[in-house]
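*Asks:*
In my numbering, the protein residues as written are 53 to 298.
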């Protein structure tokens, strides 16, 4: 048994990256009716793991949405990306308030591992780049509050992934060390955050992150054995925990 098993949220436990992609595309369409929402979703896919500001700035630039955003702001002293993300957040909040939608977008293998987490770890943490309101909405929808001994969100740290602050705080709160902690992630930003905190990560990439995680393997940033298919996640975690305990 290890001291701490830490889970990422977006893209790891739930398919929130799908929901986020849809919300960014919906917001772009509000600014420019007729825009190809599929193109926006694909562009978002290359930005998974980055901050909301970075994503919004990039999409505004990529699709030249600044004029429409300024017009929508009606003279308010906001940057175009802020107007865009404000529209997008209205949609995303509504999506996370839909319990059935959230439940339909869980990753079943990771959710099953969460249910078994106490078998392999003394403590369980959620370490997410999402803000507290978003993480809380997901935990409420899935009745997962009791599954975690600590929840670290973007509101708790000065810098989000790939900075290790979130993992550092989770370990501090739960009395864990990096060599006794295992992290489950899906994106390069999350993997780099865990590694920087001295934690062994396992990657379960999605179609949004698979190519970039593969580049990390090619560059030697993470070992090939650390990248697992969803159906092999539980078995791999149990094997890795046994190795760490030994």
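For each residue, glycine too, the CB sits at the ideal point set by N, CA and C.
Quick one, are the C-beta atoms of residue 75 and residue 147 less than 9 Å apart?
*Replies:* The answer is yes: Cβ separation under 9 Å.
*Asks:* Consult DSSP for residue 251 and reduce its assignment to one of helix, strand or coil.
*Replies:* Coil.
*Asks:* What does the Cβ neighbour count give for residue 185, buried or exposed, with the cut at 16 atoms within 10 Å?
*Replies:* That one is exposed.
*Asks:* In the DSSP assignment, find the beta strand (DSSP E) that holds residue 236 and state where it starts and stops.
*Replies:* Where residue 236 is concerned, the enclosing beta strand (DSSP E) stretches over 233-237.
*Asks:* Among the candidates 172, 197, 164, whose CA atom is the shortest distance from the CA of residue 178?
*Replies:* Out of 172, 197, 164, 197 has the C-alpha closest to the C-alpha of residue 178.
*Asks:* Alpha carbon to alpha carbon, how far is residue 175 from residue 201? Give it in angstroms, no decimals.
*Replies:* Computed Cα separation, rounded: 6 Å.
*Asks:* Would you kindly work out how many angstroms separate the C-alpha atoms of residue 66 and residue 119, rounded to a whole number?
*Replies:* Rounded to the nearest angstrom, the two C-alpha atoms are 34 Å apart.
*Asks:* Which class does residue 135 belong to by DSSP, given the choice of helix, strand or coil?
*Replies:* Helix, per DSSP.
*Asks:* Determine whether the beta carbon atoms of residue 238 and residue 203 lie at a separation below 9 Å.
*Replies:* Their beta carbons are not under 9 Å apart, which means residue 238 does not touch residue 203 by this criterion.
*Asks:* If you run the structure through DSSP and keep just helix, strand and coil, what is residue 87?
*Replies:* It is coil, neither helix nor strand.
*Asks:* If residue 220 and residue 193 are in contact, beta carbons under 8 Å, what's the gap, nearest whole angstrom?
*Replies:* Contact flag wrong, Cβ pair sits at about 28 Å.
*Asks:* Are residue 173 and residue 57 close, meaning C-beta to C-beta below 9 Å?
*Replies:* Cβ distance < 9 Å, so residue 173 and residue 57 count as in contact.
*Asks:* Could you please give me the residues that DSSP links to residue 175 through a beta bridge?
*Replies:* The partner list for residue 175 (beta bridge, DSSP) reads 56.
*Asks:* Return the CA-CA distance between residue 235 and residue 128, expressed in angstroms with no decimal places.
*Replies:* C-alpha separation (whole angstroms): 42 Å.
*Asks:* Under a three-way DSSP split, which group does residue 188 fall into?
*Replies:* It is helical.
*Asks:* With DSSP as the reference, label residue 128 as helix, strand or coil.
*Replies:* Here residue 128 sits in coil by DSSP.
*Asks:* Within a Cβ cutoff of 7 Å, which residues of the same chain sit near residue 153, ignoring the five residues on either side of it in sequence?
*Replies:* If we look at residue 153 and ignore the five residues flanking it on each side, its Cβ neighbours are 147.
*Asks:* Output yes or no for whether 9 Å exceeds the beta carbon distance between residue 158 and residue 181.
*Replies:* No, the Cβ-Cβ distance between residue 158 and residue 181 is not below 9 Å.
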